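Following: one structure in structure tokens, then a few remarks.
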Ligand SMILES: [Zn+2]
């Protein structure tokens with residue numbers, strides 16, 4: 088989907104009708120890529136080969152930029168972990184409303200990866216996350232790519248490059264735009280512990 092952004096970037100050209108037509112095509116491509124075009128409805132969408140289930144009322148999940156934000160966050164995480172989109176083929180990613188998601192052996196997790204499924208909470212303590220970048224998605228993609236349930240890889244305690252790559256984006260709460268505060272510690276996990 089990244090390649091579809093080119094026509095929008097050229098929208099400053101003087102030919103008005105051409106610009107409108109190209110922009111409309113770009114919007115159609117974005118919709119087909121992420122707007123539940125598979126007919127499943129209920130907020131489901133697909134990013135490359137991954138099926139996304141949106142079971143959340145967090146405002147950022149219903150914003151028009153959500154599919155693109157999800158895709159670019161996944162892309163940054165894949166790059167960090169040395170993975171590619173094919174690694175997420177047939178993966179399932181669920182964004183849950185509850186503060187905790189049910190994971191084997193850990194009822195109070197805010198995210199987990201099990202059996203090809205990433206489940207992440209969209210709710211921080213007392214409030215929703217304001218953007219997908221604030222969730223533990225970047226961490227759970229790591230498990231999807233390298234496994235390592237015991238967190239022995241030193242990359243579990245870094246993430247600074249991902250934080251920089253995703254910084255400066257808007258977030259959303261019930262009132263409209265709100266800060267998207269990426270806290271790298273949300274993604275970090277001490278080594279050698281489950
Ligand atoms: Zn973990």
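Numbering (my numbering), first residue to last: 88 to 281. For every residue, glycine included, the Cβ atom is placed at its ideal position computed from N, Cα and C. Every value quoted in this text rests on a predicted model; they were computed, and no experiment measured them.
Using DSSP with H/G/I as helix, E/B as strand and the rest coil, what is residue 293?
-> A query on residue 293 cannot be resolved here, the shown segment of the chain reaching from 88 to 281 and no further.
Just list the beta strand (DSSP E) runs in the region 185 to 243, keeping only unbroken ones of 3 residues or longer that don't cross its boundaries, in chain order.
-> Annotation: the region 185 to 243 contains the following complete segments of the beta strand (DSSP E) (minimum length 3 residues), in chain order: 188 to 190, 193 to 196, 198 to 201, 204 to 208.
Three-state secondary structure assigned by DSSP to residue 131 | Residue mapping note: residue 131 aligns to position 44 of the chain shown, counting from 1. Of the three classes helix, strand and coil, the one that applies to residue 131 here is coil, per DSSP.
Residue burial classification, residue 208 (beta-carbon count within 10 angstroms, cutoff 16) | Stepping through the chain shown from its first residue, residue 208 is reached at position 121. The C-beta of residue 208 has 16 or more other C-beta atoms within 10 Å across all chains shown, which makes the residue buried.
Do residue 273 and residue 212 come within 8 Å of each other at the CB atom, strictly closer than that value?
-> Against the chain shown, residue 212 aligns to sequence position 125. Against the chain shown, residue 273 aligns to sequence position 186. No. Outside cutoff.
CA-to-CA distance, residue 270 to residue 163, given in whole angstroms | Translated into positions along the chain shown, residue 163 becomes position 76. Translated into positions along the chain shown, residue 270 becomes position 183. Going from the Cα of residue 163 to the Cα of residue 270 covers about 15 Å.
Using a threshold of 7 Å, is the CB atom of residue 62 nearer than that to any non-hydrogen atom of ligand 1?
-> Here the chain covers residues 88 to 281 and nothing more, so residue 62 does not appear.
Give a yes or no on contact between the region 185 to 198 and the region 241 to 260, applying the rule of three or more CB pairs nearer than 8 Å.
-> Contact between the region 185 to 198 and the region 241 to 260 is absent, because fewer than three Cβ pairs lie under 8 Å.
How would you call residue 177, buried or exposed, if buried means at least 16 neighbouring beta carbons within 10 angstroms?
-> What you label residue 177 is simply residue 90 of the chain shown in a count that begins at 1. Its Cβ having fewer than 16 others within 10 Å, residue 177 is exposed.
Cβ of residue 225 within 8 Å of Cβ of residue 182?
-> The residue labelled residue 225 in the question sits at position 138 within the chain shown. The residue labelled residue 182 in the question sits at position 95 within the chain shown. No, Cβ-Cβ distance for residue 225 and residue 182 is not below 8 Å.
Following the continuous beta strand (DSSP E) through residue 257, name the residue where it begins and the one where it ends.
-> The sequence position of residue 257 within the chain shown is 170, counting from 1. Looking at the DSSP string, the run of the beta strand (DSSP E) that includes residue 257 is 257 to 260.
What is the rounded straight-line gap between the Cα of residue 153 and the Cα of residue 239?
-> Counting from one through the chain shown, the residue named residue 153 turns up at place 66. Counting from one through the chain shown, the residue named residue 239 turns up at place 152. One C-alpha to the other measures close to 32 Å.
Should residue 95 go down as buried or exposed, given a rule of 16 or more other Cβ atoms within 10 Å for buried?
-> As a working note, residue 95 is residue 8 in the chain shown. Interpretation of residue 95 is limited by its pLDDT of 35, a score under 50 that renders its predicted location unreliable; the figure taken from the coordinates is listed afterwards. Under a 10 Å Cβ-count criterion, residue 95 is classified as exposed, with fewer than 16 other Cβ atoms of the shown protein chains found around its own Cβ.
Could you give the residue range of the alpha helix (DSSP H) that holds residue 270?
-> Taking the chain shown and counting its residues from 1, one reaches residue 270 at position 183. Careful: residue 270 lies outside any alpha helix (DSSP H) and carries neither H nor E.
DSSP state of residue 145, grouped into three classes?
-> Stepping through the chain shown from its first residue, residue 145 is reached at position 58. If DSSP states are grouped into helix, strand and coil, residue 145 belongs with coil.
Let me know the secondary structure DSSP gives residue 155 once reduced to three states.
-> The sequence position of residue 155 within the chain shown is 68, counting from 1. In the structure shown, residue 155 sits in a helix (DSSP, three-state: H, G or I).
Is the number of C-beta pairs between the region 258 to 270 and the region 228 to 243 that are closer than 8 Å three or more?
-> Taking one beta carbon from each stretch, the region 258 to 270 and the region 228 to 243 have fewer than 3 pairs nearer than 8 Å; the two do not touch.
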